[in-house]
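Structure, as structure tokens:
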Amino acid sequence: MEHMAPIARYCWGTRQRLDALPRAIWHRVRKGAHGMDDQARIYELEFPSPHIEVSADSTLVLVHGLEGFADAGQAVRLATDHLRQSLETELVASFSVDDLVDYRSRRPPMTFTSDHFSSYQAPELSLYAAKDTNGVPFLLLSGMEPDFKWEKFTSAVRLLAEQFGVTRSVGLSAIPMATPHTRPLGVIGHSSNPGEVPAEQRLGTEVQVPGSASALLEYRMGQHGFDARGFSVHVPHYLAQSPYPAAAVTLLKHLSDVSGLSVPLAALEEAAADVTRQVEEQVEASPEAVAVVRALEQQYDIGARQSEETNLLALDGDLPSGDELGAQFEQFLAEQNAESDDAGGPSPEDDDRLD
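End of the sequence shown sits at 355 in UniProt numbering; the numbers just go up one at a time, nothing left out.
Next up, the structure:
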């Protein structure tokens with residue numbers, strides 16, 4: 001079926017809508033334009049397809065952010081949800097989560113009301129066509145990180161990107177770090193053209209890290225000639241299990257810097273300020289928590305003064321380790337949350353602010 005691929009390329013190259021094709025040909029394009037047989041096909045294209053108009057002097061960017069392993073503080077989910085909710089978006093393709101996700105490892109939530117199941121929150125993994133606040137188009141891949149078939153998944157995304165004329169991709173991720181919430185969030189930048197990463201965003205050493213589908217996608221895109229970039233924001237690891245909008249704001253600011261896309265941030269920045277205020281209130285209520293934060297600040301400041309070859313992943317000295325400090329703070333926050341729950345807990349409106 002590989003001979004069908006030029007049909008899709010021709011249509012996008014001439015700005016012709018794919019839904020203008022005869023339905024029989026469109027069906028063949030959907031089935032096999034990307035060199036995949038029916039059994040291997042893991043996505044379904046929307047019909048009619050959204051129209052993406054790209055000027056000759058502009059670059060079509062693929063933004064990808066997947067929820068799962070590299071999503072500390074739910075920063076990736078918050079960022080991609082914000083893009084979908086604040087910008088004009090249209091569904092392009094839906095990936096088969098039944099084929100890609102292990103439900104037993106990340107069980108989808110269901111609601112039980114009195115004597116029956118009343119709702120089911122199905123996981124999603126989708127590709128969208130979006131426009132920034134200036135009307136500039138881009139593609140957004142968001143949803144659940146696949147557990148299975150990473151190579152098939154990354155190949156499918158890459159080939160879809162080729163069909164739409166994408167030349168650059170930007171990946172979003174978030175990792176827990178020994179960093180305090182009172183300091184600017186650090187960012188590790190990465191690129192298929194390493195020389196383009198600013199010195200302050202480089203890790204400065206070589207390490208082996210657990211892989212992710214998003215990282216593999218960035219790697220494969222770079223291997224096939226795309227300008228593949230990405231950012232990993234540092235999230236205070238005592239806050240890594242809770243929504244942390246400040247990290248999402250940092251990701252989207254760096255996305256705008258490298259892609260030129262204009263993204264509204266006011267609502268997300270307001271949510272970030274609310275969460276920071278809540279954390280500060282909890283910290284100030286406990287001298288022990290204040291001591292932990294001060295120790296993390298001291299560790300952070302030492303790292304900031306060291307050469308750019310050093311990073312917060314491996315600091316030496318007499319200070320407690322980030323894991324030790326984080327464990328103390330996590331325990332403190334858990335105790336505070338338990339007390340809050342006993343007293344009635346936060347209102348549903350408070351939770352909705354972060355969704």
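Every residue gets a Cβ at the ideal spot worked out from N, C-alpha and C, and that includes glycine.
With H, G and I counted as helix, E and B as strand and the rest as coil, what does DSSP make of residue 361? The structure shown does not extend to residue 361, since the chain spans only 1 to 355, so no value can be given for it.
Beta-carbon within less than 6 Å of V101's beta-carbon, same chain only, minus the 5 sequence neighbours each way: which residues are those? P123, M144 and D147
Return the chain-ordered list of same chain residues with a C-beta closer than 6 Å to the C-beta of T111, the five sequence neighbours on each side being excluded. S118 and S119
Just how far apart, CA to CA, sit S232 and G135? 27 Å
Spell out the partners DSSP gives S126 in its beta bridges. S94 and S142
Whole angstroms are fine: how far does the CA of L159 sit from the CA of A33? Confidence at A33 is low in this model, with a pLDDT of 45, below 50, so the placement of that residue should be treated as unreliable; the coordinate-derived value is given next. Rounded to whole angstroms, the separation of the alpha carbons of L159 and A33 is 9 Å.
Please name the residue in A228, A272 and H51 whose C-alpha comes closest to that of residue 356. Here the chain has residues from 1 to 355 only, and residue 356 is not among them.
Let's see if you can read the secondary structure: which residues bound the alpha helix (DSSP H) around Y219? A213 to Q223
Output yes or no for whether 7 Å exceeds the beta carbon distance between L66 and S214. yes
What are the start and end residues of the beta strand (DSSP E) that includes T113? Where T113 is concerned, the enclosing beta strand (DSSP E) stretches over M110 to T113.
Starting from the C-beta of E88, find all residues in its chain whose C-beta is less than 6 Å away, skip the five residues before and the five after it, and write them out in chain order. If we look at E88 and ignore the five residues flanking it on each side, its Cβ neighbours are K131.
Roughly how many whole angstroms lie between the Cα atoms of E200 and G186? 9 Å
Are there three or more Cβ pairs, one per stretch, closer than 8 Å when the stretch 211 to 228 is compared with the stretch 245 to 260? no
Along the alpha helix (DSSP H) that carries S286, what are the first and last residues, could you check? Run containing S286: none; DSSP gives neither H nor E here.
Measuring straight from C-alpha to C-alpha, what distance separates L60 and G165? 7 Å
Return the Cβ separation of T248 and L268 in integer angstroms, given the expectation that the two are a contact with Cβ distance under 8 Å. In the sequence under discussion, the amino acid at residue 248 is Ala, which differs from the Thr named in the question. That belief holds up - the Cβ atoms of A248 and L268 are roughly 6 Å apart, short of 8 Å.
Based on Cα-Cα distance, which residue from R168, D301 and K152 lies nearest to F95? K152
Between T167, S192, P245 and R229, which lies nearest to P236 when the distance is taken from Cα to Cα? P245
Could you check the C-alpha separation between Y128 and V76 for me, to the nearest Å? When only Cα atoms are considered, Y128 and V76 end up about 16 Å apart.
Tell me the DSSP bridge mates of R168? Beta-bridge partners assigned by DSSP to R168: V61 and D227.
If we ignore side chains and look at the alpha-carbon of each, how far apart do P198 and H190 end up? 9 Å
What's the C-alpha gap between M177 and L141? 26 Å
What first and last residue would you give for the alpha helix (DSSP H) that runs through V76? A75 to S86
For D38, is the classification buried or exposed, using 16 other Cβ atoms within 10 angstroms of its Cβ as the cut-off for buried? Caution is warranted here: a pLDDT of 44 is assigned to D38, below 50, making its placement in the model unreliable, and no coordinate value can be reported.
Does P109 pass the burial test, meaning 16 or more other C-beta atoms within 10 Å, or should it be called exposed? exposed
Kindly identify the DSSP beta-bridge partner or partners of F117. F112
If you draw a straight line from the C-alpha of E53 to the C-alpha of P137, how long is it? 7 Å
Pull the bridge partners of V187 from the DSSP assignment, please. V233
Measure the C-alpha to C-alpha separation of M221 and E280 and round it to an integer number of angstroms. Taking the straight line from one Cα to the other gives about 41 Å.
Going by DSSP, which residues form a beta bridge with I175? H234
Of the listed residues L83, T179 and R202, nearest to I188 (C-alpha basis): In terms of Cα proximity to I188, the closest of L83, T179 and R202 is R202.
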